[in-house]
Each structure stands twice: as structure tokens, then as C-alpha cells.
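Count along the sequence shown from 1, then add 3; that gives the number in our numbering.
Note sheet for the following structure.
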Amino acid sequence: MVKFGLVDRWMPVPGRLISWAPTEASRRAARNAPEHPTPPAHIQEAYLESAYRNRHSGFRFSRLCLITFDIVGVLDIDAMTSAVNSFVTRHDTFLTWFTTGEQGSRRHLVDAAEVDLAPTDHGDFTDPELIRDHVQAATPGPDVWECFTFGVIEQPERFTVYAAIDHIATDGISQALTIYELRELYTSALTRTASALPTPGSYVEYCQRERAASAELDLESPTVRSWIDIVQSNGGDLPTFPLDLGVGEDGYTRTADTAYPLLDPARAARFDEACEGVGAKFSGGIFAAAALAQYELTGRSVYLGLTPKSTRATPGEWGAIGWFASLIPIHFSVAGATSFLQLAALAQQAFVDGKALGDTSYHRVLELVTPEHGITTKPGWTAPMISYVDVRKLPGEEELAAAKVGLFGSRGSSEDVFMWINRFTDHTSAIFLYPDTEQAGRSIDLYFAKLNEIFQSVVDEGDYHPPAPDCITAMSSGDLALGRLETSRVG
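Structure below.
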């Protein structure tokens, strides 16, 4: 089973720890690197500005992404040194960094010839917590170039590889590519054979293309108009999680995570078949279930959700490391629907409509709107997100469990709820990141209980029928009857 969650969930087997990080000469060259005219991607710019505004939070506010996997055999340090350096220098996202201040963010481009990552032997570690602490402390945030480190933890006859990369330089697809490429590059160096990896696309060129297209947008552009109409219909702002999370307006709330089992392979196939019967896909079924859960828990008859979409557009970009992502809206009405299957078809069409807005960043829309539009979304906004990942489609999925793959994130700060539905060959699970409050924990349990009820009914009965409208009662936080929930968390 692939492990997901916060970095605290990573339980590395103790052993000798060797890390790779840029040398002082490389860091000095990066600090002196000239400015490059290409701005960050919209999503990067918002992330950098948020990290800058919260630089005095007292903890790592930016998100550290940790990728781990095992390789069977005895470690060859020289081969791993070659692999790490080849990996970093073949992807130009690792060759740029940003200075951020009150006037925005500016890119700097580092000469690949100046980049050198060298190994450091830290000796034996006997406590997994100390390993986690070391990796997090050794990997800086996005305010410096060297916001990535690599390492291995040696055990008899195998070793664990980790890549710790700030989110500024990676996304979900990039994390899968990181595993594949580091293994391939290590094997090539070990056997002294040429790597078969194709030449990746340029993330810097992607940012140029995104910004050029974005500059052509105005308030009359159809995709901008669609975004405005959708947000206006939601009261002028993005959605919030349907239940109380117990988060105050001041200070920071750290992040918690919970995982729940959802479907075994046979039941996932039956859910798929039910959706296909009405022209929907598994993804459309997820949003139909989310809309019904919101409707029954709150009485809201119009659903607005957000989901990430990859913005990779060329073959080279599908092989590139970087943050190629945008959030798209999923917007449809529950009113009048008497079954899940009715809504699944609507949700699937809403997903298709939302994908048409994938190349129009909501960050750009906020630059264009005026006070007359009544859009109240503030800088640094956050909103609930639902992501569906069919891990079966990733290269080498059958090898992930054997390699003990893990994908983890630092705790950071949380104001809303992110949910991932991950479908593997042997199971489908739901993972939530949310504010670490007692109220949020109760609300997540209640929300998943309703979501799970809908999924299981579709599998067992072929459909799900919500209560009649006059039976729907909006629930407040005081109505959480947790004693009646039947949920099972994954440890």
C-alpha cells in the first residue's frame, strides 16, 4: 500500500543516513544568479506571496513535499550522487528561484554548470522521529534556491530513498515522475549505461506560455466571464467546507489528516459501472456524492466544488517536473434530483465544463475584477478541494507497493479541507487534510459517514435516493450525532 498523509505518518526504518544537498559553491552561484524576465506561474506567485506574508508564523508555512521509496540492493554512493545531480539539472524548475517582497516575486536563473549536489554522511539514526526532524530541518522553504534535498537511509540489503522538495517546484504528477526518474538514473549510473529517459519539457517555457495567454484575457473573455458568473452565484466568493471546522479568525491552526477505507476493487468496479450507465465517470460520481452529502448536511441545493487540473499541454511537459496545476470549478444544482444517478450525469457535465476553464487561473480573474463585480475573495484565499487520483494509470503502479512508496506533506497551516480519493488496484481510499481542531475532526467524521453511505448504496442498490426536500434539515455543529456514525479510520 502506498502511504499518504502528513510527514508525521512517515515511519522510516532506522539506519545510516546520507543526504545530498547543493554545495556552498552552488548556493553562492545561485544567490548571485541574474534575474530572468519570466514571472512565476500564477499558482506559484500566490504561493510565494502567501509564504512571504506569513514568514513570521513561527513554523514552516510553505508546504514541504516528501517522496520516499525503497531500492533493493547495496547502496552505491557514487551512482546515487550521479543520479541526484542528473535529476536536478535536467529539470529547469530546479534551476530557478525567486526573491519575494512587497513588490512581488522575481525569478533568478541558475547556470546548470554551477549546480553540484554532494553527499554528507550523518551516521546511524535509530529513531524515525529524528530522521523526520532532520529531513525537514535540512530542507529550506521557497525563499532560497536550495529548497530541495535528497537522501538515503541504509538498511541491510536495501535502502530508502527520499526526495524533500518544496511545493514551489513540484506537484502530484511530478512526485510520481521523481520516483521513476531517480530509480532509472540510479540504475543507469550503477550499470554505466545511458538512461532511456526522454528529454523533459521546460517549466520556465511553460510559465512564459501561461503568462502570455493570461495577458490576453480581459473581462469580456468567455472563460473570465464564466468564472465571475459562477463565483457571483455563490455569494461572491469561493466555497467553504459545508460543516463547521472550529477555526478562529486570528492566529494559525495547524493541519491534521485522516484516512478512511472506501471501496475494495470489486465494489469500485461496480461504482464505476453505475456511473458509466448514465454517461458519467468515476470522477463525476465523486462530485455527485459530494453534492448530495452537502445537500443533506446543510440544505444547500447548489453545489460549487473545486478540483485540481493538470495544465501540462505538450509531451515534454508530461515528462517535466514543476507545478503544472490550476483549480477548476465544478458547479451544478441538486434541486429536483431524486437520485444519485441523475446527479452523476449532471456532475460529469459540470466537470467537463470546468475543465474548459483550466487555463484561466482564478488568480488572474481576481486581477481583472472590479468592486462592481461583488467578488470578495481575498489575497491568500483558501478553499476546499476534492482531488481524484487513479493511481492505476501511473507508470509502474504495480511496483509502488513493493517499493514501499510514500507521499507526505509538512503540517503547515490549515483553514479548510482538502480531500483526495485515491484509487489503487487493490483498494480505494479517502484522505482528508483539515484544521487540527476537535470540531473539525467531528465534522470530517460526519461528512465522510454521509459520503460513504452514498457510495455504498450505489454499489449495493445500484443508486442512492436522498430524502425528500421537506425532510432535509440544515445541520449546525451542535447537531453532530457522532455516536451514530459507523466510520473506520485508516491508521
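Cβ atoms here follow ideal geometry from the backbone N, Cα and C, with glycine treated the same way.
In its own chain, which residues sit with a C-beta less than 7 Å from the C-beta of Ala-86, not counting the 5 before and 5 after it? Leu-185, Leu-188, Tyr-189 and Ala-192
Gly-322: buried (16+ other C-beta within 10 angstroms of its C-beta) or exposed? buried
Rounded separation between Pro-95 and Phe-162 - CA only: Position check: residue 95 holds Asp in this sequence, whereas Pro was assumed. If I take the Cα positions, the gap works out to 28 Å.
Span of the beta strand (DSSP E) holding Lys-6? 6 to 9
Under the three-state DSSP convention, the category Glu-38 falls into: strand
One or two residues paired with Gln-158 in a DSSP bridge: Arg-161
Rounded Cβ spacing between Leu-220 and Thr-41 (contact assumed at less than 8 Å): Not confirmed; about 18 Å, so no contact.
Specify the secondary structure class of Asn-57 as computed by DSSP and reduced to three states. coil
Select from Gln-297, Glu-117 and Gly-61 the residue whose C-alpha is nearest the C-alpha of Phe-451. Gln-297
From Ala-49, Ser-60, Leu-309 and Pro-472, pick the residue whose C-alpha is nearest to that of Asp-253; which is it? Ser-60
So what does DSSP say about Ile-378, is it helix, strand or coil? coil
What does the alpha-carbon distance come out to for the pair Pro-438 and Leu-112? 36 Å
Out of Ile-447, Ala-28, Arg-315 and His-39, which one is the CA nearest neighbour of Asp-247? Ile-447
For Gln-235 and Trp-23, what's the separation of their Cα atoms in angstroms? 49 Å
Put Leu-222 into one of helix, strand or coil per three-state DSSP. coil
Measuring straight from C-alpha to C-alpha, what distance separates Ala-353 and Asp-232? 14 Å
If you drop the 5 nearest sequence neighbours on each side, which residues of the same chain put their C-beta closer than 7 Å to that of Trp-384? Leu-241
Taking 7 Å as the limit between beta carbons, can you name the residues of its chain near Ala-525, skipping five residues before and five after? Because the chain in this structure spans residues 4 to 494, residue 525 falls outside the shown range and cannot be described.
Just list the beta strand (DSSP E) runs in the stretch 233 to 294, keeping only unbroken ones of 3 residues or longer that don't cross its boundaries, in chain order. 258 to 266
Identify every residue that forms a DSSP beta bridge with Asp-393. Arg-426
Check Leu-51 in the structure and name its three-state DSSP category. helix
Which of helix, strand or coil DSSP assigns to Arg-30: helix
Pairwise C-alpha distance: Val-250 and Glu-441: 10 Å
Close Cβ partners of Ala-294 (< 8 Å) along its chain, the five nearest in sequence each way excluded: Tyr-306, Gly-308, Phe-335, Val-337, Leu-346 and Ala-350
Considering only DSSP beta bridges, list what His-334 is partnered with. Leu-307
Would the stretch 267 to 284 count as touching the stretch 452 to 467 if we require 3 or more Cβ pairs under 8 Å? yes
Taking just the CA atoms, how far does Leu-265 sit from Lys-453? 12 Å
Measuring alpha carbon to alpha carbon, tell me which of Tyr-206, Gly-126 and Gly-302 ends up nearest Pro-318. Tyr-206
Taking Cβ positions, are Leu-369 and Thr-380 nearer each other than 8 Å? yes
In this structure, how does DSSP classify His-94 when only helix, strand and coil are distinguished? coil
So, Val-16 versus Ile-182, is the Cβ gap smaller than 8 Å? no
If you measure between the beta carbons of Leu-410 and Val-155, is that distance less than 8 Å? no
Same chain only: Cβ atoms within 7 Å of Tyr-209, ignoring 5 sequence neighbours per side: Glu-320, Gly-325 and Phe-327
Short Cβ contact (8 Å threshold) for Arg-110 with Pro-43: yes
Taking 7 Å as the limit between beta carbons, can you name the residues of its chain near Ala-271, skipping five residues before and five after? Arg-426 and Thr-431
Mind checking Ala-140: buried by the 16 CB within 10 Å criterion, or exposed? exposed
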